[in-house]
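Residue 13 is where the sequence shown starts when you use the working numbering, and the numbers rise one by one after that. All C-beta atoms in this analysis are idealised placements derived from N, C-alpha and C, irrespective of residue type, glycine included. Computed from a predicted structure; not experimentally measured. Right, one structure below, let's go through it.
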Amino acid sequence: MENEQPEQKKSAREIFDEIPFPLKIVVLVGSLFIVFVIFYILYLVTMFEPPQRQPRIASITNARESGGVFDPSVASDGTMKVMAHTIVYEFDGRMNVEVMLTQGLYNCLSWEALGGKIEQRQDRLIGPDFETPVADGFWRAETPSIVYDPADTGREWKLFAYRYFWGGNTALARLYGVIVMRYASNPAVQEWSKEEWMFSASDGTPPEPYAGLITTKINTLHKDLEDVYFYARPSVVNVDNVLVMSLSAFIQGKETPDRVILLASTDHARSWRYLGTALRASDIKDIGAEFTSLNGASLFMKDRVMYMAATLGTVYSDGTGAHVFEFENASAARLRRDAKTGKITATNFLPTQQQPATRAGGGSLAYTDACPRMTFMSESLTNRRQDIYVHQVPPVK
Numbered sequence: 013m014e015n016e017q018p019e020q021k022k023s024a025r026e027i028f029d030e031i032p033f034p035l036k037i038v039v040l041v042g043s044l045f046i047v048f049v050i051f052y053i054l055y056l057v058t059m060f061e062p063p064q065r066q067p068r069i070a071s072i073t074n075a076r077e078s079g080g081v082f083d084p085s086v087a088s089d090g091t092m093k094v095m096a097h098t099i100v101y102e103f104d105g106r107m108n109v110e111v112m113l114t115q116g117l118y119n120c121l122s123w124e125a126l127g128g129k130i131e132q133r134q135d136r137l138i139g140p141d142f143e144t145p146v147a148d149g150f151w152r153a154e155t156p157s158i159v160y161d162p163a164d165t166g167r168e169w170k171l172f173a174y175r176y177f178w179g180g181n182t183a184l185a186r187l188y189g190v191i192v193m194r195y196a197s198n199p200a201v202q203e204w205s206k207e208e209w210m211f212s213a214s215d216g217t218p219p220e221p222y223a224g225l226i227t228t229k230i231n232t233l234h235k236d237l238e239d240v241y242f243y244a245r246p247s248v249v250n251v252d253n254v255l256v257m258s259l260s261a262f263i264q265g266k267e268t269p270d271r272v273i274l275l276a277s278t279d280h281a282r283s284w285r286y287l288g289t290a291l292r293a294s295d296i297k298d299i300g301a302e303f304t305s306l307n308g309a310s311l312f313m314k315d316r317v318m319y320m321a322a323t324l325g326t327v328y329s330d331g332t333g334a335h336v337f338e339f340e341n342a343s344a345a346r347l348r349r350d351a352k353t354g355k356i357t358a359t360n361f362l363p364t365q366q367q368p369a370t371r372a373g374g375g376s377l378a379y380t381d382a383c384p385r386m387t388f389m390s391e392s393l394t395n396r397r398q399d400i401y402v403h404q405v406p407p408v409k
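As structure tokens, this is what we get:
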């Protein structure tokens, strides 16, 4: 038809005006709902932090029947997850303190016993004349560290621990204290290597004939270590095929560690060099005025970055949780400090489950990327026994 005009397109406003009023309400409410959903999703993604799940006790073979488990250390080869920990249990009328190995199941909450361990051994100490008996007692083992070292064929898995002689005398235990190591190509084997006595502080600790068993006297590595009486709590990580170990260093006349030092090995634990002192007891006032003691530290790797976690005590508790620190220069054992004040600052803090913390408290921490959303930390809720809790958050974000 020649006189027909082309149909004019209507605007959105014209279309809306033609809609019956009840339908206008439906359209308006629907539009507002869509806008609400968009903004809510953006809120969830950018701002909302879901509530944290409560820590759970790790299910570990023989743990509930024991007097306690504590000081976890975890490592993985990408397939198998292995935890080393201290276990205390009664046997034949005495308390045994030794190191146990367990394998993690798929969820990182359940752990089954493996063969290797560093056990308690009965012995009679012999004096420096190689004849005179000094004391009867047991060589205990505790505060272990497990590390996977794939470049060391046949020795890929290494287990370290603090071993000391216990005859009921603390002074004797500190005099006869050493850092030991065992290794295996597979952590599931029953028999690991023969135990190696790797470190003690000096020629006099322990005295002969035990001094001759030690591979390295740590105090000879640097003059800054001359005042250290003994070392405990080894913690080892693999940083690009370099093993880095932290140790708690004790001086005479002080019950808690004076400092935490770092050692490094580029030949798979055959020799070591001193990197420096990472943390001193004198630093802890920088972290909080309430802290009165440094009670140990451990190393862990997250996303190929090394961190240190320290347990600090107050007048009310030996451990209020774990303070996590970044390294400014790991090769020099230097933690990150505030640019203005020069004080050491913590990247994160994982408090104990019990608030306020008990007298015994907790804070000994372990982590592996194989369990990326979990942190393992030992704690005593009762002041009688320790357990290893799985905090279902990573130690650093």
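For Ile-191, the enclosing beta strand (DSSP E) begins and ends at 189 to 196. Contact between Ser-305 and Thr-268 holds: CB atoms are separated by about 4 Å, below the 8 Å threshold. The three-state secondary structure of Arg-167, taken from DSSP, is coil. For Val-201, the CB contacts under 7 Å within the same chain, skipping 5 residues up- and downstream, are Gly-127 and Gly-128 in chain order. With respect to the C-alpha of Glu-220, the residue from Glu-143, Arg-349, Pro-406 and Ala-281 having the closest C-alpha is Glu-143. For the 8 Å CB-CB criterion, Tyr-195 and Arg-152 do not form a contact. Secondary structure at Pro-384: coil, using DSSP grouped into helix, strand and coil. Asp-298: member of the alpha helix (DSSP H) spanning 296 to 299, first to last residue. In the three-state scheme derived from DSSP, where H, G and I count as helix and E and B as strand, Ile-226 is classed as coil. Within its own chain, the residues whose Cβ lies closer than 6 Å to the Cβ of Arg-175, once the five positions on either side in sequence are excluded, are Trp-151, Ala-153, Val-190 and Val-192, listed in chain order. Between Thr-182 and Met-210, the gap from beta carbon to beta carbon reaches 8 Å or more. Looking at the DSSP output, Val-251 bridges to Val-254. Put simply, the stretch 81 to 100 does not touch the stretch 357 to 373. Fewer than three CB pairs are less than 8 Å apart. Cβ contact annotation for Arg-133 (same chain, cutoff 6 Å, sequence separation greater than five): Trp-151, in chain order. Per DSSP, reduced to three states, the secondary structure at Asp-236 is helical.
Secondary structure of Phe-211 (DSSP, three-state): strand. In the three-state reduction of the DSSP assignment, Val-201 falls in the coil class.
The beta carbon of Arg-349 sits closer than 8 Å to the beta carbons of Glu-340, Lys-355, Ile-356 and Thr-357 from its chain, once the five residues preceding and following it are set aside; these are given in chain order.
Looking at the DSSP output, Lys-266 sits in no beta bridge, so it has no partner there.
Taking 8 Å as the cut-off, the beta carbon of Ser-294 is found no closer than this to the beta carbon of Trp-284. Taking C-beta atoms under 8 Å as the contact rule, Val-408 and Leu-311 fail to qualify, at a distance of about 13 Å. Per DSSP, the unbroken beta strand (DSSP E) holding Arg-292 starts and ends at 285 to 292.
Ala-344 and Ser-376 have their C-alpha atoms some 24 Å from each other.
Measuring C-alpha to C-alpha distances from Ile-130 to each of Thr-364, Ile-99 and Asn-307 identifies Ile-99 as the nearest. Comparing alpha carbon positions, the residue from Leu-187, Pro-162, Tyr-101 and Val-111 closest to Gly-139 is Leu-187.
The beta carbon of Gly-80 is closer than 6 Å to those of Val-100, Arg-397 and Gln-398 in its chain, skipping five residues each way along the sequence. Of the other Cβ atoms in all chains shown, 16 or more fall within 10 Å of the Cβ of Thr-332; this residue is therefore buried.
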